[in-house]
Each structure stands twice: as structure tokens, then as C-alpha cells.
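The block underneath contains the structure these notes are about, expressed in C-alpha cells.
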Amino acid sequence: MNSLEVTEVIPISESATRRFQFYAGINAMVAENAKGKTTLCDIIERSICSDAHAQRYSAFARKRKTKDAYIKSSWLMDTEVQIHQALTDAGVKTTVSDRGGGKKTLPRQEYSNFLSRKLHLTLNEFQELFQSLYYKREDDFTLLGRTEETDPQLLAFFKLLNKFTSGSPDDIRLRQEINQKKTEKKELQDKLRKIEEEENKIRTVMNTIGISEVSEAILDAKYDDLSRKITEKRRELENIEKVKSRIEEEIDKETDELYNVKDEHFLNAVKELEKIKSELSLKKKERIQVQREIAAASKVGNEKYGYLKEKVSRKPKCEFCGTNLAEEWNNRLQVGCPLCGTEWAKLSRELREGLFAEPEKPDTASLELKLEEIDIEIKKLESEIRNKEVEVNEVKSAERIIQNKIIELKTKLKMREKEIKSLTQTIHSLTNQQISIKTEKEFLTTKVNLQELLRKKLDLQKRIDEKQDELDELQKLENISHERNQILENFQQATLEIFGYGMLVNPKEMSITLMVDHSTRAYESLSGGEKYFIDICLRIAVWKYLLKNGFTRQGMLIIDSPENSLDNERLGLLAEVLNSEKENFLFIVTTRNQEFYEKLDAQIIDSGKFVQTSLFDFIK
76 MNSLEVTEVI PISESATRRF QFYAGINAMV AENAKGKTTL CDIIERSICS DAHAQRYSAF
136 ARKRKTKDAY IKSSWLMDTE VQIHQALTDA GVKTTVSDRG GGKKTLPRQE YSNFLSRKLH
196 LTLNEFQELF QSLYYKREDD FTLLGRTEET DPQLLAFFKL LNKFTSGSPD DIRLRQEINQ
256 KKTEKKELQD KLRKIEEEEN KIRTVMNTIG ISEVSEAILD AKYDDLSRKI TEKRRELENI
316 EKVKSRIEEE IDKETDELYN VKDEHFLNAV KELEKIKSEL SLKKKERIQV QREIAAASKV
376 GNEKYGYLKE KVSRKPKCEF CGTNLAEEWN NRLQVGCPLC GTEWAKLSRE LREGLFAEPE
436 KPDTASLELK LEEIDIEIKK LESEIRNKEV EVNEVKSAER IIQNKIIELK TKLKMREKEI
496 KSLTQTIHSL TNQQISIKTE KEFLTTKVNL QELLRKKLDL QKRIDEKQDE LDELQKLENI
556 SHERNQILEN FQQATLEIFG YGMLVNPKEM SITLMVDHST RAYESLSGGE KYFIDICLRI
616 AVWKYLLKNG FTRQGMLIID SPENSLDNER LGLLAEVLNS EKENFLFIVT TRNQEFYEKL
676 DAQIIDSGKF VQTSLFDFIK
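Under my numbering, the first residue of the sequence shown carries the number 76, and numbering increases by one thereafter.
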């Protein structure tokens with residue numbers, strides 16, 4: 076333990092925060108009753124043991140002056156650890172600051188796990204060990220904090236101690252070194268395995284492709300020749316791709332020209348041509364109709380209507396148009412021509428009149444004049460059609476020329492694409508050959524280095540054997556360490572050697588052999604002062620054993636008011652024992668005996684500001 080800080084706990088720090096710095100050796104406080112001696116010792120216990128015994132917390136909590144009371148302590152485990160115990164209404168709230176682990180508030184179980192990682196003991200187990208080894212309470216006449224009823228053979232204590240020592244620095248370092256050696260051996264084995272895999276791969280490939288019969292110079296020559304061919308083919312490919320690009324540009328250009336040829340003027344000409352053709356068709360139909368009217372007029376003029384009517388039933392066909400005659404003349408007459416059924420709107424006025432009256436010889440001159448006019452218009456339209464067709468045909472001829480040119484260009488483009496595909500395949504084939512040669516060169520280089528690979532393999536095998544030898548030696552040391560720890564389970568055989576104070580403890584029989592007068596007395600028969608003194612000496616003996624075997628770096632013992640149990644002679648003897656062992660111990664002693672205090676070679680724990688306001692704080 077390095078330091079302690081107490082706030083708002085009666086009577087230690089009623090008005091201000093109290094800080095205590097503990098030093099190696101003896102740290103002593105002399106004070107009268109009710110000055111906080113026992114409270115200080117309990118606070119030290121509580122600072123690391125938390126509320127291991129919940130039934131004791133309610134009494135301890137009554138010493139809080141306010142709800143802000145806390146205990147903060149610094150302990151040296153494998154690293155420096157600061158433990159902050161806030162005394163809340165609900166119990167102790169524990170916060171741990173561990174170098175490298177950060178600051179964390181830990182519930183009871185997590186704090187127990189934290190101690191287990193640090194000390195190899197759970198919270199309850201460490202509380203038990205603290206009572207047995209660290210803290211000698213006032214008026215405590217038990218042996219290592221145990222009574223005959225609870226643990227008559229002390230076996231539980233030694234099992235607990237054996238569990239605690241399993242985490243000694245030497246043991247931890249030994250196990251870490253063993254694990255490190257195992258890891259190093261595994262890494263070497265992995266390297267060896269990879270080398271063997273590479274060796275097998277090289278040998279397999281060499282046997283398959285026969286690399287050993289080909290010289291590196293031949294492979295270099297082949298590689299250079301292929302590189303030259305690939306370069307030539309790539310240049311040729313670039314030229315063809317340029318030609319292809321030019322052809323594609325020409326196709327785009329001709330396509331644009333094709334669209335330009337079919338401009339708006341051409342489209343209008345086509346529309347006008349179609350319009351003229353339509354007009355020509357109508358004129359031709361009109362001409363035919365006029366011709367029919369002339370023929371009909373001539374027919375009417377040459378033949379009597381009445382006669383025609385009389386013989387109509389005998390004629391199967393109309394003499395005007397040659398179509399079959401209908402049966403009812405009057406019905407046909409309502410529609411148009413009674414002979415052929417031609418509609419009235421399509422018959423000339425003269426012809427319509429001739430059908431109802433005795434016809435006169437018709438005047439065909441006007442019809443012939445109209446026919447001549449129609450012929451003139453037809454000729455005019457035919458001339459316009461010829462002119463428009465010439466204009467349209469010129470455009471279509473240009474269009475065909477462009478289309479033929481585009482077809483020719485696309486044919487050339489396909490030829491270039493075939494050439495590009497062929498060259499690409501050739502380059503790909505040459506590249507694969509080049510890669511194959513490069514692979515052969517790599518394996519050939521690997522073959523040259525195969526001897527170096529085998530040398531590394533032998534070196535790794537040698538190092539693995541050396542690691543195994545080191546590991547075997549460490550395993551022997553670990554077995555020795557395990558056997559050493561087992562000594563604590565049979566403490567009866569080791570106590571005399573390690574005690575050093577002229578007594579032998581038999582934990583199975585709970586007997587103490589006093590070596591001064593070679594007498595043997597049962598522990599139960601000893602006086603209270605003898606039990607108290609022997610227990611302190613036995614605790615010191617256990618700590619010396621732990622120090623001697625490297626299980627800890629410093630012993631720690633808290634002794635509260637020994638004058639209550641020891642007479643002046645044994646108090647003087649206790650002072651001598653503490654002074655002689657202070658080099659490797661941290662002793663914290665509280666007493667009201669000034670003479671005993673002055674015999675201690677101790678650092679002073681200031682008690683001048685301790686104020687006890689009421690005895691009822693403890694009674695409650």
C-alpha cells in the first residue's frame with residue numbers, strides 16, 4: 076500500500092480531507108481511545124476489500140458525516156492501482172484506476188473479477204486472506220483469524236494461501252516465458268512448413284516442365300524475340316485501328332451527306348409530283364367521261380328514244396355503255412340512265428333531256444371542244460410530271476451513289492475489324508508465350524536458389540530443436556515451482572525451517588512447540604497474550620516465506636492496539652520483532668501505549684486532528 080485519502084468519515088476527516096502516505100518499514104500512530112485508531116485500520120481494509128461483508132457495512136456507513144464520504148487508496152500490484160470507494164446510501168461504489176486499463180466503475184462482481192485477475196483471489200477470498208494475514212484486529216486471540224470451530228486444522232487457510240501464491244511474479248514470468256517459447260516454436264514450425272510447401276511446389280513444377288534442361292540464355296532469347304514480335308504486331312494493330320477510325324469517319328460523313336441530299340426542296344418536289352400525277356389522273360378520267368358523253372350524244376342523235384324504249388326489254392345490254400339492263404324502266408329512270416343506270420349527276424344536260432323527250436340531233440361540238448381543252452391540260456401535266464421526275468431522279472441517283480459508297484465503306488470496315496481481331500489474337504498468343512517463358516525463368520531462378528532454401532530449412536529445424544530444449548527446461552522449472560507451491564499444503568514439514576523464531580506449528584493438531592524449553596503445549600492451553608503474540612509471529616513467518624520464495628515484494632501487517640492483549644514484556648519483544656523485520660515489511664501500528672510507541676523505529680502517523688464527536692457513532 077502506498078497512500079490513503081479519506082473524506083467525510085468520522086473521526087478521521089470530519090472537517091477536511093485527510094491524506095496518509097505510508098513508507099516501507101513501521102508506520103505508527105499513538106492516540107488515546109476514541110481517536111480513530113481502529114477506524115483507520117478498518118478504512119485500510121475497506122479501501123481494498125469493498126463491502127465483502129455486507130452485514131458490516133451498515134455500522135461502518137454510520138461514520139459518514141455526509142453523503143460525499145469516500146475512501147481512496149493506492150496499491151502496488153503488478154501495476155499501480157488506485158481504488159476509490161464511495162460510501163453511498165446503497166452501499167460501496169467502487170471505481171478503479173489501473174495504469175494501462177483506464178478508469179472504470181465496477182459493480183461488486185466485476186470488482187471481484189478484477190481482484191481475481193490481479194491477485195488470483197476473488198473478493199470474498201481476498202477479504203478472508205486479509206483477515207488471516209494482513210490485519211491483526213484489536214483483542215483478536217485467534218490463530219490466523221480462525222477458530223477451532225470454524226477451521227480447526229487451518230487447511231482452508233493454507234489452500235487459500237496456495238491459491239494466492241500461484242500468481243507470484245516468478246510463476247507468472249515463468250508461465251509467460253513458457254508461452255513465449257511455445258509461440259516462437261510454433262512460428263518457426265509455420266515457417267518450416269511454408270518452406271517445405273514451396274520446396275515441393277518447385278520440385279513438382281521442375282519435374283513437369285523440365286526446366287533443368289533449358290538454359291537461362293535460351294529463355295532470354297525467346298523472350299526478346301517474342302517481345303519484338305509483339306511490338307511489331309501492336310504497331311500494325313495501331314495502324315489498322317487508325318484506318319478503321321478513318322473509315323468510320325467517312326461513313327459518318329457520307330451518312331450526313333445522305334441526309335443533306337434529301338433536303339426540303341427535294342421533299343417538296345416529290346409532293347408536287349404526286350399532286351400533278353393526281354391531277355393528271357383526274358383529267359384522264361374527265362376525258363374518258365367526255366368521250367362517253369360524246370358517244371352517248373351521238374348515239375341518241377342517231378336513234379329514236381321511243382323506239383329505244385320499246386325494244387329495251389329485248390336488249391340484254393345497254394347500247395350506250397354495254398352494261399346489263401334492269402327490269403323496270405321507270406325505277407331506273409328515277410336514278411339516272413334507264414339503260415345502264417348511270418347517275419343523273421354524271422350525265423350531260425343534253426342527254427338527260429333526250430331521255431324524256433323526242434331527242435333532237437345533239438350538238439357534240441361543245442363536248443369535243445371540252446375534250447380538246449382536257450387534252451391540252453393533260454399534255455401540260457404530263458410535261459410537268461416529266462420535269463419533276465427528272466429532278467427527283469437526279470436526287471435519287473445521288474442517293475444511290477452515296478448508299479453504294481456507304482456499303483463499300485462498311486465492307487472495308489468489316490475487313491479491318493477482322494484484321495484487328497486476328498492481330499489481337501496473335502498478340503494475346505505471343506503474350507501468353509512470353510508469360511510462360513517468364514514463369515519458366517522465375518522457376519529457373521527458384522531452382523538456382525533451392526540450395527539456399529534447403530539451408531534455411533535445416534537452420535529452422537535446428538532452431539526448433541533448440542526451442543524444444545529450452546521449452547523442456549522451462550517445463551522442468553514449472554514442475555519445480557508447482558512442487559514448491561505444494562509445500563504449503565503440508566505446512567507441518569516446512570514451518571520449522573521458515574519460522575525462525577524457535578517454534579514449530581502443527582496445523583493439523585493445532586499445537587505449538589516452544590523450542591526454548593523443548594516443551595510442547597496445546598494451543599488451547601496458551602494464555603491470551605501467548606496466543607496473540609504467537610499469531611503475530613506466525614503471520615510474519617508466513618510473509619517471510621512468501622518473500623523468500625518471490626511470491627511478493629513486500630510484506631504487510633496492520634496491528635491494532637496490541638497493548639490490549641500483551642503485557643509490557645511481550646510488547647517490548649514485539650517492538651524488537653517489528654524493528655528487526657521492517658526492511659521488507661510495511662507495518663501499520665496503532666497504539667495508546669506511549670512506551671511501546673517510543674520503542675518502535677517508526678514513521679509517525681499524525682493523529683492530532685482526529686475528532687470523535689460521539690461514542691454512539693460506534694455503538695450504533
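In this text, a Cβ means the ideal position worked out from N, Cα and C, and glycines have one as well.
CA-CA distance, Ile89 and Thr163? For the record, residue 89 in the displayed sequence is Glu; it is not Ile. Rounded to the nearest angstrom, the two C-alpha atoms are 17 Å apart.
Looking at the structure shown, is Asn108 part of a helix, part of a strand, or coil, going by DSSP? Three-state result, Asn108: coil.
Could you tell me the boundaries of the beta strand (DSSP E) in which Lys168 lies? 166 to 173
Start and end residues, alpha helix (DSSP H) containing Ser187: Boundaries of the alpha helix (DSSP H) harbouring Ser187: 183 to 194, taken from the DSSP string.
Identified DSSP bridge partners for Asp331: Per the DSSP secondary-structure output, Asp331 pairs with nothing in a beta bridge.
Please list, in chain order, all residues of the same chain as Lys359 whose beta carbon is under 7 Å from its beta carbon, the five residues on each side excluded. Ile453
Whose C-beta lies closer than 7 Å to the C-beta of Leu263 among residues of the same chain, with five residues either side of it excluded? Leu535, Arg538, Ile539, Lys542
Around the Cβ of Val141, are there at least 16 other Cβ atoms within 10 angstroms (buried) or fewer (exposed)? The question names Val, but residue 141 is Thr in the sequence shown. The residue is exposed, with fewer than 16 neighbouring Cβ atoms inside 10 Å.
Close Cβ partners of Tyr145 (< 7 Å) along its chain, the five nearest in sequence each way excluded: Thr82, His159, Gln160, Ala161, Leu162
Helix, strand or coil at Ile449 according to DSSP, with G and I counted as helix: helix
Taking only three categories from DSSP, how would you classify Gly603? helix
May I ask you to report which of helix, strand or coil DSSP gives Asp635? Residue state, collapsed to three classes: strand.
Member of Asp450, Lys304, Glu459, Ala370 whose CA lies at the smallest distance from the CA of Glu347: Glu459
For Gln96, three-class secondary structure by DSSP: strand
Neighbour-count burial assignment, Lys606, 16 or more Cβ in a 10 Å radius: buried
Starting from the Cα of Val365, find the closest Cα among Arg192, Glu354, Ile449 and give me that residue. That would be Ile449, whose Cα lies nearest to the Cα of Val365.
What did DSSP end up calling Lys142 once you bin it into helix, strand or coil? coil
On the CB-based measure, 16 or more other CB atoms within 10 Å of its CB, does Ser148 come out buried or exposed? Counting the other CB atoms within 10 Å of its CB gives Ser148 a total of 16 or more, which places it among the buried residues.
Taking the straight line between their C-alpha atoms, what separation do you get for Arg303 and Lys319? 24 Å
If you drop the 5 nearest sequence neighbours on each side, which residues of the same chain put their C-beta closer than 7 Å to that of Tyr209? Met631, Leu632, Ile633
Going along the chain, which residues of its own chain have a beta-carbon closer than 6 Å to the beta-carbon of Met152, five neighbours each way excluded? Cβ neighbours of Met152 beyond the five flanking positions: Lys193.
Would you check if the distance between the CB atom of Ile118 and the CB atom of Ile87 is smaller than 9 Å? yes
Using beta-carbon positions only, say whether Asn639 and Asp214 come within less than 9 Å of one another. It is a contact, given that the beta carbons lie within the stated cut-off.
Glu656 lies in the alpha helix (DSSP H); which residues open and close that run? 643 to 656
Rounded to the nearest angstrom, what separates Asp692 and Thr114 at their Cα positions? Reliability of the predicted coordinates at Asp692 is poor, the pLDDT of 40 falling under 50, and the value obtained from them is presented with this limitation in mind. Roughly 11 Å between the two C-alpha positions.
Would you kindly report the start and end of the unbroken beta strand (DSSP E) that includes Phe660? 660 to 666
DSSP three-state call for Lys355: helix, strand or coil? Here residue 355 is Leu; the residue named in the question, Lys, does not match the sequence. Helix, per DSSP.
Based on Cα-Cα distance, which residue from Thr627, Glu107, Arg321, Gly647 lies nearest to Glu492? Arg321
One or two residues paired with Ile101 in a DSSP bridge: Phe662, Ala677
Ends of the alpha helix (DSSP H) at Leu204? 198 to 204
Per DSSP, which one or two residues make a beta bridge with Ser511? According to DSSP, which records beta bridges pairwise, Ser511 is partnered with nothing at all.
Gln509 versus Leu484 - alpha carbon distance: In this structure, the CA atom of Gln509 is about 37 Å from the CA atom of Leu484.
Beta-bridge pairing of Gln160 - partner residues as DSSP gives them: Residue pairing for Gln160: DSSP places it in a beta bridge opposite Ile146, Thr169.
Under 9 Å between C-beta atoms of Ile101 and Asn659: no
On the CB-based measure, 16 or more other CB atoms within 10 Å of its CB, does Gly220 come out buried or exposed? buried
Looking only at its chain, what residues have a beta carbon closer than 7 Å to the beta carbon of Gly604, apart from the 5 residues adjacent to it on each side? Ser640, Leu641, Asp642, Arg645.
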